[in-house]
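For the sequence shown, this note's numbering assigns the number 740 to the last residue and increments by one with no breaks.
Take a look at the structure below.
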Amino acid sequence: YALPKGLIAGAHHPVGDDDQQIFGLLILSGLVIRELDVAGRQTAELLGRGDLIRPWDEEPLDPLPGTVRWSVLQPAQVAALDRRFAAVAGRFPSMLETLTARADARARMLALQRALAQVPRVDARVLVLLWRLADRWGTVTPEGVQLPIVLTHDTLAKLVGARRPSVTTAVG
């Protein structure tokens, strides 16, 4: 499936008939962001190639006031993992092992992001985040590492657990 740039409208569960029910999406290309606003504080998670997502399966934030929003930052292609996929994948343990490893890598990245938000200096947080993004999505060129991602200062702030003005100052 192709996901155009913009909000993933409603993030509804894409259910087909019983044989086609989708239990997950594997991002093949592009960039997706999951943003949370909890009690007036915002955070975000960047997701790209190889990440498994279920945007329709959010835990309620109740009793906390908050919202969850999924958006496509760069047009994305996703593979729908459905019952047919599960039947085939079951015959290939290495495929299931790879998917499990990808889910675990996402959990480890979230733990790193949580630790990053505790670094006292915002400029250090931004620098570490940029290193991490360059490691995952960067391309080495003769001029240095190019990161083909456009992120606003607001998005950077959500990723490092800071406010936008602090990130603007840190980037400057």
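Where a beta carbon is used, it is the ideal one built from N, C-alpha and C, also for glycine.
Nothing here was measured: the structure is a model prediction, and the numbers come from that model.
Query raised in the report: If you check the beta carbons only, do Lys573 and Pro643 fall under 7 Å apart?
Result: yes
**Report entry** Given 8 Å, three or more beta-carbon pairs between the stretch 667-680 and the stretch 635-642
**Finding:** no
Query - Euclidean distance between Cα positions of Arg652 and Gly706 - result: Between Arg652 and Gly706, the C-alpha separation is close to 34 Å.
Report task. With a 10 Å radius around its C-beta and 16 neighbouring C-beta atoms as the bar for buried, classify Asp625 as buried or exposed. Result -> exposed
Query - Enclosing alpha helix (DSSP H) for Asp691 [first to last residue] - result: Val690 to Trp705
Requested in this report: Pull up the distance between the alpha-carbon of Val713 and that of Asp630, whole angstroms please.
Outcome: 42 Å
Query raised in the report: What first and last residue would you give for the beta strand (DSSP E) that runs through Val636?
Result: Under the DSSP assignment, Val636 falls in the beta strand (DSSP E) whose first and last residues are Gly634 to Asp650.
**Report entry** Separation of Ala655 from Val739, as counted between CA atoms
**Finding:** 48 Å
Query raised in the report: By how many angstroms is the C-alpha of Ala685 removed from the C-alpha of Arg637?
Result: 20 Å
Query raised in the report: Based on the DSSP output, what are the partners of Asp605 in its beta bridges?
Result: Looking at the DSSP assignment, Asp605 forms a beta bridge with Gln610 and Thr635.
Requested in this report: Report buried or exposed for Pro716, applying the criterion of at least 16 other Cβ atoms within 10 angstroms of its Cβ.
Outcome: exposed
Query raised in the report: Is it right to say Val606 is buried, meaning 16 or more other beta carbons lie within 10 angstroms of its own, or is it exposed?
Result: Note on Val606: under 16 other CB atoms within 10 angstroms of its CB, so exposed under the neighbour-count rule.
Query raised in the report: Under the DSSP definition of a beta bridge, which residues are partnered with Gln714?
Result: Thr707
Query - Of the listed residues Thr635, Leu594 and Leu620, nearest to Glu603 (C-alpha basis) - result: Ranking the options by Cα distance to Glu603, first place goes to Thr635.
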